[in-house]
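> There's a structure below that I have some questions on.
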Amino acid sequence: MKFSTQSNEAPLISEELLRMSIIFENEDIVVVNKPGWFVCHPSKRGPWSSLVGATRELLGLDTIFLVGRLDRETSGVVLMAKNQPAGRIWQKALEEKKVKRTYLAIVEGELSEEVQVAGFVGNDPDSRVFVKQRVTAKSRTSKKAETRFCPLYCNGGYTFVSVVTKTGRKHQIRLHAQSIGFPLVGEKLYGHDESYYLNFCESGWNPLWMDKLGMDRQALHARRFGYLDEGEIFEAEIPSDLMSFLENRMNFQPDEMEKILKEANLWENQQLVLE
Numbered sequence: 000m001k002f003s004t005q006s007n008e009a010p011l012i013s014e015e016l017l018r019m020s021i022i023f024e025n026e027d028i029v030v031v032n033k034p035g036w037f038v039c040h041p042s043k044r045g046p047w048s049s050l051v052g053a054t055r056e057l058l059g060l061d062t063i064f065l066v067g068r069l070d071r072e073t074s075g076v077v078l079m080a081k082n083q084p085a086g087r088i089w090q091k092a093l094e095e096k097k098v099k100r101t102y103l104a105i106v107e108g109e110l111s112e113e114v115q116v117a118g119f120v121g122n123d124p125d126s127r128v129f130v131k132q133r134v135t136a137k138s139r140t141s142k143k144a145e146t147r148f149c150p151l152y153c154n155g156g157y158t159f160v161s162v163v164t165k166t167g168r169k170h171q172i173r174l175h176a177q178s179i180g181f182p183l184v185g186e187k188l189y190g191h192d193e194s195y196y197l198n199f200c201e202s203g204w205n206p207l208w209m210d211k212l213g214m215d216r217q218a219l220h221a222r223r224f225g226y227l228d229e230g231e232i233f234e235a236e237i238p239s240d241l242m243s244f245l246e247n248r249m250n251f252q253p254d255e256m257e258k259i260l261k262e263a264n265l266w267e268n269q270q271l272v273l274e
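Just so you know, we're using numbering that gives the first Met the number 0 here: the sequence shown kicks off at 0 and counts up by one.
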């Protein structure tokens with residue numbers, strides 16, 4: 000039997016939290032730092048059950064256009080266009096790979112050097128989860144995927160990494176992290192056992208899993224999103240749950256964050272891969 004979606008209900012989005020999460024807004028776009036757990040696409044539970052629906056309601060818009068989505072548990076930069084012309088411009092830039100993204104993540108294991116993963120991905124026919132992907136051979140249905148992991152800080156059996164993707168495949172970062180033996184902290188589907196995902200869908204989060212998974216969501220954050228040709232770059236503050244893990248499990252000093260990210264030179268590293 001295949002399970003098609005993550006059915007455990009995501010929390011409704013409050014107006015106050017959404018207002019606090021807005022990074023930038025003008026007449027054409029609104030950019031939000033999406034908290035983990037919020038779904039992007041509208042659902043049957045009404046407008047305040049999704050980021051798109053809640054933002055449309057908050058701003059009093061008839062329609063809003065999502066430009067690139069994030070998985071439910073992934074936090075970070077999400078851009079939405081307020082009108083169709085702006086939506087077309089950003090969507091075209093995304094398709095032409097003029098939009099750059101940088102992610103931050105925490106993985107299990109101590110990654111000592113940069114790793115680039117390139118190959119093909121496709122549906123996993125052996126999984127009970129319909130949406131699960133796997134690394135596979137080139138075929139009529141598989142798609143090319145490229146990801147680059149760069150270690151920023153290691154300690155306590157974990158690594159804080161920056162991640163760049165040349166392609167935007169379903170679950171790409173999560174799958175590729177698992178494929179190199181460094182699954183994301185908090186990963187239920189591409190981690191130790193997909194039973195965590197199935198049990199979560201059925202019954203929700205179990206606090207007893209914390210010792211094994213480390214976090215109640217995957218430790219993945221979309222840090223930067225930018226249309227570099229136009230000089231439009233948006234950055235999302237690192238969420239408190241990731242910072243708490245870095246400090247408590249990895250003895251990371253928060254005042255070192257700016258220095259580490261500056262030294263990593265995230266945009267330049269990204270351009271080396273993408274261009």
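Each residue gets a CB set at the ideal place from its N, CA and C atoms; glycine is no exception.
Please report the straight-line C-alpha distance between S13 and R44, rounded to a whole angstrom.
Approximately 14 Å between the Cα atoms of the pair.
> If you draw a straight line from the alpha carbon of V76 to that of V31, how long is it in whole angstroms?
Computed Cα separation, rounded: 6 Å.
> DSSP on N205, reduced to helix/strand/coil?
Note: N205 maps to coil in three-state DSSP.
> Please classify A136 as buried or exposed, where buried requires at least 16 other C-beta atoms within 10 Å of its C-beta.
Result: exposed.
> Please confirm whether L260 has its beta-carbon closer than 8 Å to some beta-carbon of chain D.
No chain D appears in the structure shown, which is made up of a single protein chain.
> How many Å lie between K187 and I88 at the Cα?
Spanning the two alpha carbons is a distance of roughly 35 Å.
> Here's a check: name, in chain order, each residue in its chain whose Cβ is nearer than 8 Å to the Cβ of N198, leaving out the five neighbours to either side.
Excluding sequence neighbours, N198 sits near N205.
> Sort out for me which residues DSSP pairs N32 with in a bridge.
Answer by DSSP bridge pairing, in chain order: V76.
> What does the Cβ neighbour count give for L16, buried or exposed, with the cut at 16 atoms within 10 Å?
That one is exposed.
> Under 8 Å Cβ to Cβ from R223, same chain only, skipping five residues before and after it: list those, please.
So the list reads V76, K99, R100, T101, I232, F233, E234, A235, L265 and W266, once near-sequence residues are dropped.
> Any idea what DSSP makes of S194, helix, strand or coil?
Helix.
> Tell me the rounded alpha-carbon separation between L227 and S138.
Between L227 and S138, the C-alpha separation is close to 34 Å.
> Between the C-alpha atoms of V120 and Q171, what's the straight-line distance to the nearest angstrom?
About 8 Å.
> Let me confirm a value: E255 is counted as buried when at least 16 other C-beta atoms fall within 10 Å, else exposed. Which label applies?
When all chains shown are included, E255 counts as exposed.
> Below 8 Å, how does it come out for the region 104 to 123 and the region 155 to 173: are there three or more Cβ pairs, yes or no?
Contact holds: three or more Cβ-Cβ distances are below 8 Å.
> Identify, in the order they occur along the chain, each residue of the same chain with its Cβ nearer than 6 Å to the Cβ of D215, setting aside the five sequence neighbours on each side.
Contacts found: W204.
> Identify which residue in R55, L50 and M79 has its Cα closest to the Cα of F23.
Per the Cα distances, M79.
> If I follow the unbroken alpha helix (DSSP H) through G16, where does it start and stop?
At residue 16 the sequence reads Leu, which differs from the Gly that was named. That run of the alpha helix (DSSP H) goes E14 to S20.
> For L241, which residues in the same chain have their Cβ closer than 7 Å to its Cβ, ignoring the five residues on either side in sequence?
Within the same chain, L241 has close Cβ partners I105, A218 and H220.
> So, under 8 Å CB-CB, S178 and V128 are touching, yes? Tell me the CB distance rounded to an integer number of Å.
Actually they do not touch by this definition, with Cβ atoms about 17 Å apart.
> Using a Cβ-Cβ cutoff of less than 7 Å, which residues in the same chain neighbour E56 once the five nearest sequence positions on both sides are dropped?
Excluding sequence neighbours, E56 sits near P46 and W47.
> Name the one or two DSSP bridge partners that S141 has.
Paired residues: none, contrary to the question.
> My assumption, with CB atoms under 8 Å, is that V116 sits in contact with T140. Please give the rounded CB distance.
Rounded, the Cβ-Cβ distance is 20 Å, inconsistent with contact.
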